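Counting in the numbering used here, the sequence shown runs from 251 upward without gaps.
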Amino acid sequence: MEGPPSPESPAPPASPPAAGTNSPLDRLAGFRFPYVAIFLFVVAYVFSVDLFETVMARHFQAAVERAVDVDPEKGPVSVQIHLRVSTLLRTSPWITIGRVRVRPIVLAADGRRLLFAGQRGVAVDPDDDG
């Protein structure tokens with residue numbers, strides 16, 4: 251006797267899905283979360299590195315600008331600038347602890363004479379009034 255299953259008779263088993271009915275897009279859609287997570291990680295990593303580089307560039311530019319603001323009455327300007335920038339590079343926690351690489355270049359007011367370049371600086375003439 252056919253008809254609706256009674257509570258005493260078991261329901262007919264559900265037929266399994268036919269093989270190959272899942273399209274490749276359906277299978278790829280199942281990995282949405284990992285794809286989104288990897289994408290967000292890469293974006294956050296790239297932008298955090300860029301942000302850190304920008305912050306460090308602004309920090310050291312301001313620090314070198316303060317270091318080159320010297321008083322000509324206290325001695326030769328080029329020697330003062332060399333000492334102050336060298337001290338900045340030796341004592342900065344970003345450089346000593348964080349191993350940040352900084353290569354400052356300081357030019358004289360004429361824009362031609364080099365006063366400081368890289369980690370060691372340049373030879374300065376103490377008799378030069380800078």
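Positions of the beta carbon are idealized from the N, C-alpha and C atoms, including for glycine. Since the model is a prediction, treat every value here as computed from it, not as a measurement.
Do residue j and residue i have their beta-carbon atoms positioned less than 9 Å apart in this structure?
| i | j | result |
| --- | --- | --- |
| residue 310 | residue 336 | no |
| residue 334 | residue 317 | yes |
Taking the alpha-carbon positions, what's the residue i to residue j distance?
| i | j | result |
| --- | --- | --- |
| residue 278 | residue 288 | 14 Å |
| residue 283 | residue 314 | 46 Å |
| residue 349 | residue 323 | 35 Å |
| residue 321 | residue 285 | 58 Å |
| residue 297 | residue 307 | 15 Å |
What do you get for residue i, buried or exposed, if any count of 16 or more other CB atoms within 10 angstroms of its CB means buried?
| i | result |
| --- | --- |
| residue 355 | exposed |
| residue 347 | exposed |
| residue 327 | buried |
| residue 352 | buried |
9 Å is my cut-off, CB to CB: does residue i come that close to chain C?
| i | result |
| --- | --- |
| residue 353 | Going by chain labels, chain C is absent from the structure shown, which holds only one protein chain. |
Any chance you could list the beta strand (DSSP E) runs of at least 3 consecutive residues sitting entirely within the stretch 298-378, in chain order? 355-357, 364-367
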